[in-house]
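J.:
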Amino acid sequence: FFLPPSALRVASIALRNPLNRKRAVSLTREQFRYGFGNAVSAQESDELYERWTIPSPGKPLFEAAAANLSLNSPAKVNTGNATRGPLLLTAGGKDHTVPASITTQTLRLYRKSPAVTDVREFPDRGHSLCIDSGWQEVADTVLEWLAAQSLQGV
653 FFLPPSALRV
663 ASIALRNPLN
673 RKRAVSLTRE
683 QFRYGFGNAV
693 SAQESDELYE
703 RWTIPSPGKP
713 LFEAAAANLS
723 LNSPAKVNTG
733 NATRGPLLLT
743 AGGKDHTVPA
753 SITTQTLRLY
763 RKSPAVTDVR
773 EFPDRGHSLC
783 IDSGWQEVAD
793 TVLEWLAAQS
803 LQGV
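Heads up: take any position in the sequence shown, counting from 1, add 652, and you land on our numbering.
Pasting the structure below:
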């Protein structure tokens with residue numbers, strides 16, 4: 653994977669200190685605004701920060717960062733699994749944390765499997781797309797996709 657500068661900036665909050673591998677890391681209001689709330693108003697970003705942020709473990713970021721360096725990485729995924737269920741990837745076009753280009757790279761990896769894999773991009777949305785004021789558009793899109801896979805009500 654090639655990580656765009658915006659994703660490196662967000663990940664570096666935890667990864668810059670090796671001690672964060674074994675502890676929880678908090679975001680400042682400004683870091684949250686850049687990584688999650690950049691596609692909504694400053695006021696909404698602040699409200700989301702107050703409502704949703706908690707210190708989060710650094711370990712998963714360190715595992716993901718080292719995934720390609722270890723054959724037994726806990727972050728390793730069998731993207732060619734033919735027996736998995738359908739997979740929908742969502743992307744925010746303005747997402748700084750997981751830019752749409754990373755989601756596109758992920759889609760290519762999962763296309764090794766004959767199982768259904770799709771992506772839906774929300775061009776004007778950021779990483780907060782599932783929790784911000786536009787969450788219903790995302791939910792409706794996912795529900796429509798599930799129905800198309802005959803998975804509604806599951």
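Glycine included, C-beta positions come from ideal geometry on N, C-alpha and C.
Quick caveat, the model's predicted, so the values are computed rather than measured.
Are the Cβ atoms of Leu781 and Val790 separated by less than 8 Å?
T.: Sequence index remark: in the sequence shown, residue 781 carries index 129 (1-based). Sequence index remark: in the sequence shown, residue 790 carries index 138 (1-based). Contact: yes.
J.: How is Asp770 classed by DSSP in three states: helix, strand or coil?
T.: For the purposes of this step, residue 770 is taken as the residue at position 118 of the sequence shown. Here Asp770 sits in strand by DSSP.
J.: Looking only at its chain, what residues have a beta carbon closer than 8 Å to the beta carbon of Asn733, apart from the 5 residues adjacent to it on each side?
T.: Counting from 1 along the sequence shown, the entry for residue 733 is found at position 81. Answer for Asn733: Ser765, Ala767, listed in chain order.
J.: For the candidate residues Ile754, Asp784, Thr793, Asp770, whose alpha-carbon lies nearest to that of Leu660?
T.: Taking the sequence shown and counting its residues from 1, one reaches residue 660 at position 8. With distances taken between Cα atoms, Leu660 lies closest to Ile754.
J.: Quick check on Ile665: buried or exposed, where buried means 16 or more other Cβ atoms within 10 Å of its Cβ?
T.: Indexing the sequence shown from 1 puts residue 665 at position 13. Buried, since its Cβ has 16 or more Cβ neighbours within 10 Å.
J.: Closest to Glu773 by C-alpha separation, out of Arg763, Arg681, Lys746, Tyr762, would be which residue?
T.: Residue 773 sits at position 121 when you count from the first residue of the sequence shown. For the residues Arg763, Arg681, Lys746, Tyr762, the minimum Cα distance to Glu773 belongs to Lys746.
J.: Given a cut-off of 8 Å, decide if Leu741 and Leu759 are closer than it, judged by their beta-carbon atoms.
T.: Walking along the sequence shown from the start, residue 759 turns up at place 107. Walking along the sequence shown from the start, residue 741 turns up at place 89. Taking 8 Å as the Cβ cut-off, Leu759 and Leu741 qualify as a contacting pair.
J.: Which one or two residues does DSSP pair with Leu740 in a beta bridge?
T.: Translated into the one-based positions of the sequence shown, residue 740 becomes position 88. Note: Leu740 sits in a beta bridge opposite Asp770.
J.: Going along the chain, which residues of its own chain have a beta-carbon closer than 7 Å to the beta-carbon of Leu713, five neighbours each way excluded?
T.: On the sequence shown, position 61 is the one that residue 713 refers to. For Leu713, where only same-chain residues beyond five positions count, the Cβ hits under 7 Å are Ala663, Ala666, Leu667.
J.: Alpha helix (DSSP H) containing Lys674: first to last residue?
T.: As a working mapping, residue 674 is identified with position 22 in the sequence shown. No alpha helix (DSSP H) contains Lys674, which DSSP labels as neither H nor E.
J.: Going straight from the alpha carbon of Glu635 to that of Leu655, what length do you get?
T.: The requested residue 635 is not part of the displayed model; the chain covers only 653 to 806.
J.: Expressed to the nearest angstrom, what Euclidean distance is found between the alpha-carbon atoms of Ala694 and Ser658?
T.: The residue labelled residue 694 in the question sits at position 42 within the sequence shown. The residue labelled residue 658 in the question sits at position 6 within the sequence shown. For Ala694 and Ser658, the distance between alpha carbons rounds to 18 Å.
J.: Taking Gly687 and Thr769 to be in contact with their CB atoms under 8 Å, please state how far apart those CB atoms are, rounded to whole angstroms.
T.: Taking the first residue of the sequence shown as position 1, residue 687 is located at position 35. Taking the first residue of the sequence shown as position 1, residue 769 is located at position 117. Actually they are not in contact, since the Cβ atoms of Gly687 and Thr769 sit about 26 Å apart, beyond 8 Å.
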